[in-house]
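Structure first, then comments.
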Amino acid sequence: DYSRTYDFIDPAADDEADNENTNSTTLLWVHGGGGSRRMFYPHAKYLSKQGYRSILVDLPGHGTLVDTKLTLDECVDTVQNIIQKECTSSQKIVYIGGSLGAYTGFYVLGKLNTKFSSAVLIDCGQNVGPDCSLKARFGIWFLRKLSTNMSNKALMGAMMGEVNKSKADYHLVETTFGAGYFFQQGGAQCDCMHTVSPADIIPSLDFPILFFNGSEDYRDSEDKWLSLCKNKELSSLKVYEGGDHFFCHDSRFVHDMLDRIDGFAQAVVSTD
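Taking the numbering used here, the leading residue of the sequence shown gets 87, the next gets one more, and so forth.
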């Protein structure tokens, strides 16, 4: 639906829901690089049965916002405008970002610290910011070269090659590629990720963070990110053994991840 730039998934009807009552928590889902708001649609549907309302967001330069320049400040404006229009001050809002949505999420959360009760950040265990390792710096350079010098057809072939090597089987192709893939944002994605310094932002965040990574993904800083969290009681890290960058679309892990998000959100509410 290109008439709007974000989607809602309301709590499931009573005959579908696992819990009798809905709750006041809204989950705001932000997709990975190149994708769109469809990426986390099945995840949000699953959690609707636990009573959650979800908002699925298109990042600038993606989906219905394909003509909007992808910058960190545009990401902030996109999220802020949605919250102002669709959320009330009494609602608990959980930011859930995957890959690019997690890296830009650090910046968004830093700018909108008071708007969120907690955050779930997925596939962001590798430091690719301005103080990253030489290996990570080379990876960013290589990704930028690929995205700016290869045709869309060649890039899609490369991406599908990675997908075919992965064991991810939970609605990956239809949610990540079926809704369109936005390769033209590759250079801007690299600029955004290489600008953000999570180590400078995390200590300023007042709420707990739940981190998820796959053991086979790049993740040289996941323990550091966790150690910097201000709310140490509720913040945690879960690494799925054998999971890759697509682990959140892997049926071996996805339901455990979603159940942990449910438990995390409930714990945050119960401590307020």
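Backbone N, C-alpha and C fix where the C-beta goes; we use that ideal spot for every residue, glycine too.
Proximity to residue i [Cα-Cα], best of the options
i, options, result
"residue 217", "283, 159 and 278", "283"
"residue 297", "286, 320, 238 and 277", "320"
"residue 135", "350, 238 and 345", "345"
"residue 270", "137, 146 and 225", "146"
"residue 265", "98, 120, 97 and 109", "120"
"residue 358", "98, 202 and 256", "202"
"residue 332", "259, 109 and 295", "259"
"residue 166", "194, 139 and 176", "194"
"residue 96", "109, 322, 122 and 140", "140"
"residue 164", "305, 294, 149 and 337", "149"
Straight-line Cα distance separating residue j from residue i
i, j, result
"residue 348", "residue 191", "20 Å"
"residue 89", "residue 116", "19 Å"
"residue 223", "residue 231", "12 Å"
"residue 324", "residue 311", "13 Å"
"residue 107", "residue 153", "Low confidence applies here, because residue 107 scores a pLDDT of 44, under 50, leaving its location unreliable; read the following figure in that light. Answer to the nearest angstrom: the Cα atoms are 40 Å apart."
"residue 244", "residue 228", "13 Å"
"residue 210", "residue 277", "15 Å"
"residue 98", "residue 137", "7 Å"
"residue 124", "residue 241", "20 Å"
"residue 256", "residue 248", "15 Å"
"residue 302", "residue 355", "33 Å"
"residue 204", "residue 214", "23 Å"
CB contact flag (residue i, residue j, <8 Å)
i, j, result
"residue 184", "residue 118", "yes"
"residue 127", "residue 142", "yes"
"residue 162", "residue 131", "no"
"residue 261", "residue 180", "no"
"residue 234", "residue 158", "no"
"residue 267", "residue 300", "no"
"residue 144", "residue 151", "yes"
"residue 316", "residue 291", "yes"
"residue 246", "residue 186", "no"
Which residues DSSP lists as bridging residue i, in chain order
i, result
"residue 113", "140 and 180"
Interface flag, residue i vs chain D, CB-CB below 8 Å
i, result
"residue 263", "Protein chains in the displayed structure number just one, and chain D is not present."
Let me know the alpha helix (DSSP H) ranges lying completely inside the region 157-204, each 4 residues or longer, listed in chain order.
158-172 and 186-197
Output the residue ranges of the beta strand (DSSP E) runs that lie fully inside the region 242-296 and measure 3 residues or longer, sorted by chain position.
none
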